[in-house]
Structure formats: C-alpha cells, structure tokens
Ligand SMILES: Cc1ncc(C[n+]2csc(CCOP(=O)(O)OP(=O)(O)O)c2C)c(N)n1
Ligand SMILES: Cc1ncc(C[n+]2csc(CCOP(=O)(O)OP(=O)(O)O)c2C)c(N)n1
Ligand SMILES: [Mg+2]
Ligand SMILES: [Mg+2]
C-alpha cells in the first residue's frame, strides 16, 4: 500500500478541495449561488475557485434561491452536475418546491427516465448571534423526503470524502455544513478518497453508553465523552454522517452493546432528526436497552439573538454529559 | 343542561360551518385563496360563503401561494384574522419562508410585541390518483417548527370544534384536512362548541394495544380495531388531534395500560410524525412496553400515480391489523 | 420590445407536407383528448385530466419550430405538448391509465408525462413549477454548446408565481436560449384571468429585457412563424424570449368540471368553438390555398381515429406495474 | 407611468422646524451607526450589523412623509428605518446588545427590531421577506378603513426575490396602500447590482400597473417630496406605488467587511462620501437658504452625540434577560 500523506486543514478548506478536485475531474460540475465567485461566499469557503475554473463554472447569482435552484434541477437533468450554494440554511425555505416537488420526484415520476444529479450546499447551526432567521438547522425536512439524500459532515476528513461522493451521486443530495465549524481543523489525506453514504462512523469507541451525534454535535458529544471518561463512564460516539440513507445497523448494534443511547442533533428536537434516530434505536435495540433513548436537540423556540438565551437553546457538552451521567447512574 | 341537538354532516360541511360561525361572530375573520369565492374551492368546502360574507371577506387570489400567505401574515399582525386556503397541501412548499421564517417567529423575535393570529388551511392525503405533487401529507414539517400549531381533524365533530379554536387562537395555526374525507359524515351538535388544542381524543377504548392515529388514519385504525375485535384483541384508538401542542400524557398513559403501541400517520414514515410520537411513547412508557412501538406511515417513495402502486404506499386497515396481531401474539 | 405579430402573413416556407402534418397533429390531439374524456366518463380513467381541446394550435405551432432534441417543459394541461413534441398516443394512454407500458411506467400519470427521446422534460402539476427547469435545460445547452433550445409552456395563471420573474431575470442576465410560452386561455381554473392579473402581461418580460410578443393562439401558422423566429434567435445566441398565445380551452378546467355557467357563459364557449376553432381555421386556409381538399381531411380524420382507437385499446389492455415496482426508481 | 422627479425643487411646504428635525435625525442615524461600528470593533457587539451610513436621506425622507401609526417593514440594514420611524436609540442599543431593555427583549437583535408604538412591523433578515407583510398591513388598513399606509423598505438585491412580483400584482389588483421603496446602493453584498439585475428596474413595477418613480436618494428633500406625493395618493385610495432611491452605503456590507477593494474601488466610495453625502448636501442647502447656520449644526451634533453616548451607555449597562425568558413569547 502506498504511504498516505496527511495534512491538517479546516472543514471549509476540505469542502473547497473536494469541489476543486471534482471540478478538475469532471467538466460538468459547476457552482451556482450568491457571492460564490470573487467573494468565495461570505464564509470564504469557495475562495480561489473562480480563479481556477472561471466565471462560467463558478457563477454569481441574483438573490433568487428558488430561481437558481430550479435552474440547477433543469441543468442536472440535461447533462450538467450543478452544486448550488445556499448561504444560510434558513433560506432553504425558499427552495422547498424546487427541491421537494421537483428535484426529489423527477426520477420517480418519470419512471426512471430522467435523473437529477445535483448537490445543494447549505449551512446549519446556531451560536453565531445571528438571530432566528440565520441560525436554524432544518435538515429534518429534507430527511423526510423520499428521493433526496442528506449529508451532515462533522470533520474535515468526512466533509471532503462525503462531498466528493455527493457530487458523483446521480441523485439530488443536500449537504449541510455547520457554519461554526468552517475553521475547525483536522487531518485530511492528500490521496484521493471518497466516503460512501449510509455508513456511520464510530468517532470514539466505548462500552457504557452510545451517543449518536450529527454535524456540529459530534464535537459536543466527544467533549461530553471526555468529561464522562473523567467519572469512569465509557461513551461510544457515533456519527451517522448521512441522515438518509441512514445506517441503522451500526446505531442499533452500538446501543445493543452499551444498552443506553443518547441522540444529539442541533435541529429543533420536536419532530426532528432525534425523533427518527431515537425511534430506530428504541425499536432495534428494544430488548437490550436499560433506559429510554434520550433525545437532545435544540430547544423548541425560535433561536433568540441574546447570547445567554441563544446558548441556552443549543445542546452543550454539559447537557450531554449530565444526561449520560443520569442514565448510567440510573441502572 | 340544555338538550343538545345533533345533525349528521360531512367533514367539509363542518369546516364550512365553523368558518361561517366565526365570520359571523368576528368581522376580522376573512378568507384568502385560489378559487375560494364563487367556486368555493375545487372541493366545494367553501361554497356559499362568498354569498353570505361578500367579496371583501372571501377573496379569490392569483396563484401566488407565497404572496397571499405573506399578505395574511401582515394582515394578522395589524388587526385582521385571515384564513388562507392552500388547495393541495403539496403547495405549502411555496409558503415555507412566509410560514416558518416569518409567521412562526414574529411573536418571539419581537419579544412578544407583535402577534400573528392566522390560520392556514391545507389538505393532505393520497389515494386520489393525483400523482406525486398532489398527494403528500407534509404536516411533519410544520410540526417541527416552534411558533406554529398544527391541527389534524379526523371527524366532522373535531373539524368544526378545532377550526373554531384555530381561528380564535392568537398564533399561526395550520389546519390540515384530508381531501379524501371531505364527504365523510358524522354527528355535529347544533350548539356552539370549541375543542381545545393539545387534548387527544380516545376514539375507541381498548385494553390490549394502543393505536395512535392521525387524520385520515383514524378511520383506518378504527377499521383495524374492528377486525382485531374479531380475533379477540381489544384495541384502543387515540387521535392526538393536534401534533403541536401534543398531548403526550394521554398517549403515554394508554400505552402504559395496554403495553403495546402502534402509531399510524399518512405522512412519509421516515423523519415524520410517527417518529416523534413513537419516540415519546417509547420514552414515556419505557418500563411498561412489551414490544417496540410500531410505526406505520406512508412508504418512503414519491407517491405513484398508478392505482395499485399508490395503494401499496398508503397505510391500510389490513397493514395495521396485521401489525397489531403480530405484536399481540408476540408477548 | 413589445410587438404584435401580423398573423395573416406567415406561410413561413413550410412545405405542403409539413403543413398537412401539422394539421394531422392538431387532429390527433383533438381526438386523443376526446378519448380521454370518454375514458373519464366511462370511469376507466383514474384521477383527473385537464383537456387541451381548443388550444391545439399553440403546441403544434411551437413544436413545429423545434428540433426533436430541443427541450420542452409542460403543465397539468400537457397532453397536447407531449404529442406535438413527438410522444406516441399508445404509450401516453398507457401512462394515463397507470400502466407499466406508459412513458413513466405508470408512476407519473396525466400530469407528469416525460419522455427523454422527444426532449420532453416533463409535465408538471405545480403551476409554474417548471420555469426554472426549462431555464436550466437552456443553461446546459449553452454551457455544453449543444445549440439546443428550451421551451417552457405555462398557463397565464402561472404569471402569479414569483419563480417566473426570478428565472426571467436569470435567463436574460445569462442569455439563456429559453422561450417562455404563455398560453392565455382566459381562466385560472374557475377565475377569469383579469381578476388575477394586473397591468400588462407583455410588459412583464419586457421589464427584464426579454423580447415579448403576442400571437393569435388559434392560428397555427402565426404561432409557428413567430415561434420559428424566436427559436432561431435563441439558437443563435440571442437569449430568451416570451411569447403570449391567446387561446381558449373548450372544455372544463378538468374532465369533471361540467357545470361552468357560474364562471363563464356558454355563449363565450360557443363563440370560440364556432368562430375560432384552430383546426377549422387551418383547414379552411389550407383549402383556400389549394394545398389540401376535403377528401384529404376526411382521410386524415379516419386514420387518426383508428390510430387513437388502437392506442386507447393498447392502454386499456396494457398491464399494471407489479407492486414490486413501487420501490424502484426512487433513487437513480 | 415611469417618471423621474426633478430634485431641485422640493421645498414641499416643510417648516424650518421640520427641516431641522430631519437634519437632526440624519445626524442621529449617522452617529448611531458609528457607535455600532465602534461597539463591534471593541468586540462588545454580538453577531454582525449592517450599517446604514450614507443612506440616511432615504429613511428620513420617507418616514417624514408618514404618520406615526403608518406601518413600515425594514431590512437587515434597518437601524436607519427604525430610528427615522421613531424608535429611541437607547432601547435600540439595548436590543443590539441582546439586553432585556431592548425593543424585542433581546430576542431579535439588529436584524429584527420591531416596535408597534412607532408602526414598525419589524426588520427582516430574509432578503425580501417582508414584502408580503407590508402588503398585508396595507390590506388591513384598507379593510379596516384606518387610512394607514404601509412602506416596505428593501435593497435592490431583493429585486431578485419572486415574492416581490407576486405581491406587486396583488397590491395593484386590490389597490392596497403600500409603497415599495427600493434602496439601490449598487451592491448585493459583494456583487454589483448590474450583474444581478436585468432590464429596467422601474419597468418592473410599471408592468404590474404600479406607478414607479426614481429619486436621488442622497437628497432628503427630493425623497420627502416624492414620498409625500406617493403616500398621499395611497392614503386617498389610489393604491400602491414604487419608489427607487439611488443611494450608496459607505461602509462594508456588514461591520466586518473591511477589505472591499476586490468588489468596489476605493475611489468610488470616496466620490460618494465627498460629493454625495446626504447630510452635507442637506446642511449646505439649509445654510444656503438661510434656514440654519453652522453654529446650529454644531449644537445639534453635540446634542446628538451626547444622546447617543447616553444611549450606548444605557445599552451596555442594561441587564441580559434571564435564561428563564428563553421560553417566553413562543406562543401568544
Ligand atoms: C402552485 C400551484 N397552485 C395551485 C394549483 C392548483 N391549480 C391547478 S391548475 C390551476 C389553474 C392554472 O391556470 P393556468 O395556469 O391559466 O392554466 P390552465 O389550467 O388555464 O391551462 C390551479 C390553480 C397548482 N397545481 N399548483
Ligand atoms: C433570502 C436571502 N438570501 C440571502 C441572504 C443573505 N444576504 C443578506 S444581505 C444580502 C444582500 C442584500 O442586498 P440588498 O438587498 O441590495 O441590500 P443591501 O445589503 O445592499 O442594503 C444577502 C445576499 C438573505 N439574508 N436572505
Ligand atoms: Mg389559464
Ligand atoms: Mg444593495
């Protein structure tokens, strides 16, 4: 086996590298969105791409989320592989018809005749003091819809490998990046790799309790796991990486092994991602669980601006730690 | 107590009667939507209202779901109590920004300064051979959003009482009517009544298994319960009536009593309403359940047009019956 | 920017064969739709259908100006577009009846017929839902240098959807070869368009810098001639255009919409049917020009009739998809 | 329908007191925003803020034409609108800092300030998000007969949102007393509007039958005069209007946008600041007309400065809401 070179890079850089590599590999890949070209997005994730690939492949759009998403659907059907950029995930509200009634259904409704190989990049995550319309994590909506795939990377490594898979996938894929994690660093191999969808990653092994966490919440879970280690509780942290397809087996097996599970996700808790995953585990590990599956999502409130209030709504290391401690003591 | 007169009427008539009564009671109530006036909607639910209340209160709009929903939000903030009509629930995709980023958050974001007393009526339900864009049940999306309330009537009685409550509520309420049930008949008292939100209704008492069902699925559950009775299984059928607020207590208590629960809802099963309710029950009745909570939702496919295919995607009496039988045999 | 086409000219270099083929297509659509209505009346038709009868000249005139590999997007009232672009009646009936032999294996139905071999990106049951898709197909055509053109058919009701204005702006900025074809049949379901449409329709695309014209949608030659000019311009890199076709649907909004007096007078329907029928107008002209005679028309009618009958038969006899197919084609 | 206002006239019957009060408001907005920038630089400001510096004449000119109980909706760049409509700087700073004494109890922040007592329906962080809300307020005004008018402020970037065209159509059909005020400051974030805006801006509302005008947004008297005419017309039942105000933001898209050379030249900024500053232009005119003198301006500056300083102080000292308040106000 060849030696693998590994560099540290940020999640933002990893996403950019994935896009650049795929754009080099496949001339059909192009990017559409607001301020994606010279500005490289407000988060600077796309900086430099327009210089390499030019303005016909990295394309600034008007503030028309529905419009350019619709164009991406049509372009994907007819030979391109567009990546659309939705600056704040909150704005997916404007694209729901194009994504859900069109992109998600075209392949099925046409009996397989047409395909829609497109990627929507969007952000999620609170904590940036940006208020209720710039802080939501709305990935549960898309996860609900047959025909779509939903990706939630939590490390630079995952972000790169999953983005490459997303671009090569022949279906509409929504790729949610936590905007607070763009500067989060981690190792990324120089060599080319992709990560398959539907394969959960065990971010930390443990025996006493399973913590399933997505996106931004993976680091929170890992932090909680360290704290738990300090009091002698061994937590296993699992990242599903894609909410659809969902790797039920890995989640269930871990819960069977540890007999306790917590699910942490930054979306609103009610009718959110934690509900599905908790329910899958509660069913799959029914005869092995020592306690109810605990769900920890964002509080059921529009995300407040004021710092202390906002912080109170987001799951924290501490919340997860306390929940785990209570569950492990209990049995 | 005065004698209560009861008439049979259809669900569609019950909705109309509720609207008419509230419009008589409160001049601020008005209706906006496509073909709501002379046509009384394609489902004829609103027939006759324009004759009584005139064209300034029952208002035909262009095909601009986002636009007239936005107008309703502003009108609700400034002294009216609009009811907007979304012909097919699939079209709520076009209103997500106005409902979720605006209507749901205005009260909170303004620190309580503004209120948005509006109702959105929308339909749900498949089985009408209308294809993937006219058959969805997307109520899980709104149920996920703090600031909104979501109502799912399953009988004419409930439809009338809940609609009156919805109109009097000072928050944005989404009221989903199953389009296959507009002609479904049931008793409705002549006397005025309202039904509070967040109070589940036990549609049938039973001891062996709890079937939680929403909207269209309540009749399916009752049908299954009859079949189950035939083989000696006593099923309790509970209708939460509102997914938010959710009457967790009644659901959990029933599951504790019967020790088995099935949740039936016509939305896509994955990341849908069944996930939340199953998870609530699995947690709340953890120490009393004899079997995992069973979820039965729409199949994870865009709803197909072809009759045999479409039928296969919708939960049926038979599916529920079989699931219940298997669960009761098991223990 | 806003001009009205002189309808009377437009012979437009079409040969007799092409003219007769257009006539035949219009007859095909008419008879196809009558059969759909028949199927509905006989309770053989699942769901609903929106008939194109009366509007045949629009689809036929536009599609005659397109190449087979040019793209179209269509609407809930889409049978005419599909047929005019080249779909076969038999597989269409099969689709309408939910059969596996249909264009979408029965999964789409009347409102979702799609056919890659004739460039049909699909009918759409969301009013205005395909406006971005059509622009996207034009975006591909431009970026891949295929010289294809995309046509987006939509009813005047779709003028109410904001998406149209978003994509017209984009189509102009990027000079996309897309033609927005608005079929104004005067009604959004049961509401007259004047109650839902403020200002001047043609001024809307014009405001975005898009050349906009209107044409008599009952005159297939005028539709063709105008479309031809706009399509050629788009193909040669001049960007988008907008064409307003004034037309009328003879029947109800859908097959079940039978009592229509409350929203439109019978006389209005009568007037359009007798005075402005696109097949009759075209037929009269062809005869007047000595390009065809009554016997030829009778012959065409006979042929089309038997073709349509065979197609219905095919659809009725075709098998339903097995329920094992329900979970196929969710993901590619 | 499309006219350009002669800017030089417009004394418009304003008394000296009103003129000076408008001058003072513009200074207030300028100093308020400079303090916001200061707070950000001192790392006291949570999140971001979008400064209105350079555009003061628009908010002040428009709001001077409104009654206190008329409605406005505002944008992410909304501090100027809030102040001009009558909000107090102290409660605004408190809100910007997330304090309980703020207009929204700290829950809204810079992009969501709302205030029923001054008719402010709220700033909005969704570009174009309030276009329907403003029309809805006008709908109420019309239906309840209150004679109120609603103004929807938005940046030229919001012309990209389809919602605008949906609600302009509705506003015209229903003759709603709503004025759409487009603040064209030339940039959508980091992209010049010419790259995102096809055709002619004023032709867009005109296409829906809405009277549309443009005005020099740096000339507060011209803005006021035009707004006054449009507002009066709306109030008297003539329905909607559209006003394009040509203006410029001096600073970055938001407080953190410091290196701007890659999207706009320094000289451009310099030119606007030195040649087209709305406060200076208005001040010069007031002096030229002998309506004010330099000493008065110095006095105003001093007073506003101390008012703003006290307001900042108030905001900084104010208490955060208790975390028990996080679950209040979700439902009414
Ligand atoms: C977004 C959306 N809103 C509403 C409908 C319901 N609907 C179906 S057809 C129609 C009227 C369409 O009118 P027009 O666009 O003029 O087309 P026509 O039926 O006249 O051909 C309506 C309102 C829909 N399908 N999609
Ligand atoms: C729907 C939506 N898309 C994108 C954004 C991100 N965004 C915030 S401000 C802005 C530019 C707005 O430009 P303009 O409307 O001209 O207002 P200006 O900032 O110039 O005042 C963008 C793209 C947003 N807030 N909402
Ligand atoms: Mg029409
Ligand atoms: Mg701007």
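Residue numbers (our numbering), protein chains in the order written: chain V, 8 to 338; chain Z, 8 to 338; chain L, 2 to 333; chain D, 2 to 333.
Here a beta-carbon is modelled for each residue, glycine too, at the ideal position from N, C-alpha and C.
This one's a predicted model, so the numbers in the text were calculated from it and none came from an experiment.
Chain D within 9 Å of residue i, Cβ atoms only
i, result
"residue 8 of chain L", "Only weak support is given to the placement of residue 8 of chain L: the predicted model assigns it a pLDDT of 40, under 50, and the question is left unresolved by the model."
"residue 138 of chain V", "yes"
"residue 198 of chain L", "yes"
"residue 304 of chain V", "no"
"residue 49 of chain V", "yes"
"residue 84 of chain Z", "yes"
"residue 293 of chain L", "no"
Ligand 3 heavy atom lying under 8 Å from the CB of residue i
i, result
"residue 40 of chain L", "no"
"residue 265 of chain L", "no"
Near ligand 4: residue i beta-carbon under 8 Å from a heavy atom
i, result
"residue 187 of chain D", "yes"
"residue 110 of chain D", "no"
"residue 194 of chain D", "yes"
Member of the options whose CA lies at the smallest distance from the CA of residue i
i, options, result
"residue 84 of chain L", "L:31, L:230, L:332 and L:108", "L:31"
"residue 327 of chain V", "V:277, V:30 and V:220", "V:220"
"residue 407 of chain Z", "D:140, D:73, D:113 and D:44", "The question about residue 407 of chain Z has no answer here: the residues shown for chain Z are numbered 8 through 338."
"residue 281 of chain D", "D:46, D:299 and D:158", "D:299"
Ligand 1 heavy atom lying under 8 Å from the CB of residue i
i, result
"residue 92 of chain L", "no"
Whole-number beta carbon distance between residue j and residue i, since they are thought to touch under 8 Å
i, j, result
"residue 46 of chain V", "residue 190 of chain D", "7 Å"
"residue 227 of chain D", "residue 316 of chain V", "Residue 227 of chain D to residue 316 of chain V, Cβ: 42 Å. No contact."
"residue 177 of chain V", "residue 124 of chain V", "5 Å"
"residue 106 of chain L", "residue 326 of chain L", "7 Å"
"residue 66 of chain L", "residue 225 of chain L", "6 Å"
"residue 79 of chain V", "residue 137 of chain L", "6 Å"
"residue 250 of chain L", "residue 54 of chain L", "7 Å"
"residue 139 of chain Z", "residue 310 of chain Z", "5 Å"
"residue 213 of chain Z", "residue 243 of chain Z", "4 Å"
"residue 74 of chain Z", "residue 167 of chain D", "3 Å"
Cross-chain neighbours of residue i in chain Z, by beta carbon under 7 Å
i, result
"residue 279 of chain V", "151"
"residue 101 of chain V", "104"
Test: residue i CB closer than 9 Å to a CB of chain Z
i, result
"residue 337 of chain V", "Reliability of the predicted coordinates at residue 337 of chain V is poor, the pLDDT of 48 falling under 50, and the value obtained from them is presented with this limitation in mind. Answer no: the Cβ-Cβ gap between residue 337 of chain V and chain Z never drops below 9 Å."
"residue 205 of chain D", "no"
"residue 69 of chain V", "no"
Residue i CB to nearest heavy atom of ligand 2 below 8 Å
i, result
"residue 162 of chain D", "yes"
"residue 114 of chain D", "no"
"residue 98 of chain V", "yes"
Chain Z residues whose Cβ lies nearer than 9 Å to that of residue i
i, result
"residue 322 of chain L", "311, 313, 315 and 316"
Contacts of residue i in chain V (Cβ-Cβ under 9 Å)
i, result
"residue 105 of chain L", "115, 116, 117, 118, 119 and 120"
Closer than 9 Å to chain L by CB, residue i
i, result
"residue 203 of chain V", "no"
"residue 94 of chain V", "no"
Min CB distance residue i to chain V below 9 Å
i, result
"residue 131 of chain L", "yes"
"residue 68 of chain L", "no"
"residue 250 of chain Z", "yes"
Interface residues of chain Z facing residue i [CB-CB closer than 8 Å]
i, result
"residue 307 of chain V", "153"
"residue 123 of chain D", "113, 116, 117 and 121"
Interface residues of chain L facing residue i [CB-CB closer than 9 Å]
i, result
"residue 40 of chain V", "Per Cβ cutoff of 9 Å: no residues; residue 40 of chain V is ~12 Å from chain L at best."
Partners in chain D for residue i, counting only beta-carbon separations shorter than 9 Å
i, result
"residue 167 of chain L", "161, 162, 163 and 166"
"residue 46 of chain V", "190, 191, 192, 263 and 264"
Within chain D, the residues that residue i reaches when beta carbons sit closer than 8 Å
i, result
"residue 74 of chain V", "161 and 163"
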